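Read through the structure below, which is laid out as structure tokens, and then see the notes.
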Amino acid sequence: MKILNALLVIAGICGLVSVRIFEDTLFYDPFLNYFHEANQNIAFPPFEWGKLMGGYLFRFTLNLLCSCLIIYGLFKSKEWTIQGAVMMIIVFAIAFPIYLYCIHNKFEVGYLFSFYMRRFVIQPLIILLIVPMFYYRKQVLKKENL
Numbered sequence: 180m181k182i183l184n185a186l187l188v189i190a191g192i193c194g195l196v197s198v199r200i201f202e203d204t205l206f207y208d209p210f211l212n213y214f215h216e217a218n219q220n221i222a223f224p225p226f227e228w229g230k231l232m233g234g235y236l237f238r239f240t241l242n243l244l245c246s247c248l249i250i251y252g253l254f255k256s257k258e259w260t261i262q263g264a265v266m267m268i269i270v271f272a273i274a275f276p277i278y279l280y281c282i283h284n285k286f287e288v289g290y291l292f293s294f295y296m297r298r299f300v301i302q303p304l305i306i307l308l309i310v311p312m313f314y315y316r317k318q319v320l321k322k323e324n325l
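Numbering (this note's numbering), first residue to last: 180 to 325.
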């Protein structure tokens, strides 16, 4: 059973890496080059709202599924996996409208603020908080059961 769990974690990590590697071909995101240039004076790229939002939602869904594989593989708990997914959805539900507002205002809110809000939308950063939190939770539960 440990081999299966390790394979789930590896599959989840490979999935997250693949999403990042193939982001140019998988997703519609005209802001990839805009932020890759790291130049605030570059022209604001033209885009289509529907395709842009669909691309971000698709990317989030792939990241969420891969992250859930990692959580389940590490902690072997369906309940914790669902809790992790709910936390990721909450963070996305907060960050996504803020980022769309930044786009609507052509990043007048601030270039770096918009850049980091975009990171919360396109990258599964919350997994970096969830895994240690669940690990700590697991240790606490072990001590309570002794």
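Every residue gets a Cβ at the ideal spot worked out from N, C-alpha and C, and that includes glycine.
The model shown is predicted, which means the values in this text are computed figures rather than measured ones.
inquiry  = I'd like the list of long-range same chain contacts for residue 184, defined as Cβ closer than 7 Å, with 5 residues on each side in sequence excluded.
reply    = On the sequence shown, residue 184 is found 5 positions in, with the first residue counted as 1. Excluding sequence neighbours, residue 184 sits near 252 and 255.
message = Nearest by alpha-carbon distance to residue 280: which of 268, 296 and 270 is it?
response = On the sequence shown, position 101 is the one that residue 280 refers to. Ranking 268, 296 and 270 by Cα distance to residue 280 puts 296 first.
query = In this structure, does DSSP put residue 321 in helix, strand or coil?
reply = By 1-based counting over the sequence shown, the position of residue 321 is 142. Reduced to three states, the DSSP call for residue 321 is helix.
query = Under the rule that 16 or more other beta-carbon atoms within 10 Å means buried, what is residue 208, buried or exposed?
reply = Residue numbering aside, residue 208 sits at position 29 when the sequence shown is read from its first letter. Buried, by the Cβ-count rule.
message = Please report the distance separating the alpha-carbon of residue 233 from that of residue 302.
response = Position 54 of the sequence shown, counting from 1, holds the residue named residue 233. Position 123 of the sequence shown, counting from 1, holds the residue named residue 302. If I take the Cα positions, the gap works out to 16 Å.
request  = Leaving aside the five residues before and after residue 313 along the sequence, list all residues of the same chain whose C-beta is less than 6 Å from its C-beta, in chain order.
outcome  = Position 134 of the sequence shown, counted from the first residue, corresponds to residue 313. Cβ neighbours of residue 313 beyond the five flanking positions: 254 and 259.
Pairwise C-alpha distance: residue 299 and residue 292 = Indexing the sequence shown from 1 puts residue 292 at position 113. Indexing the sequence shown from 1 puts residue 299 at position 120. Cα to Cα, the separation comes out at about 11 Å.
message = Spatial neighbours of residue 264 within its chain, please: C-beta separation below 7 Å, excluding the five flanking residues on both sides.
response = Position 85 of the sequence shown, counting from 1, holds the residue named residue 264. Apart from sequence neighbours up to five positions away, the residues of its chain that approach residue 264 with a beta-carbon distance below 7 Å are 243 and 247, ordered along the chain.
query = Nearest to residue 306 by alpha carbon, out of 204, 217 and 269?
reply = Start at 1 with the first residue of the sequence shown, and residue 306 comes out as number 127. In terms of Cα proximity to residue 306, the closest of 204, 217 and 269 is 269.
inquiry  = By the DSSP assignment, the alpha helix (DSSP H) with residue 184 in it spans what residues?
reply    = The residue you call residue 184 lines up with position 5 of the sequence shown. Boundaries of the alpha helix (DSSP H) around residue 184: 181-200.
ask   = Between which two residues does the alpha helix (DSSP H) carrying residue 253 extend?
value = Taking the first residue of the sequence shown as position 1, residue 253 is located at position 74. Counting along the chain, the alpha helix (DSSP H) containing residue 253 begins and ends at 228-254.
ask   = So what does DSSP say about residue 257, is it helix, strand or coil?
value = Residue 257 sits at position 78 when you count from the first residue of the sequence shown. If DSSP states are grouped into helix, strand and coil, residue 257 belongs with the helices.
task = Work out the CA separation of residue 236 and residue 266 for me, nearest whole Å.
result = Taking the first residue of the sequence shown as 1, we reach residue 266 at position 87. Taking the first residue of the sequence shown as 1, we reach residue 236 at position 57. Spanning the two alpha carbons is a distance of roughly 16 Å.
Anticipated Cβ contact below 8 Å, residue 202 with residue 195, distance rounded = Taking the first residue of the sequence shown as 1, we reach residue 202 at position 23. Taking the first residue of the sequence shown as 1, we reach residue 195 at position 16. That pair is no contact at about 11 Å.
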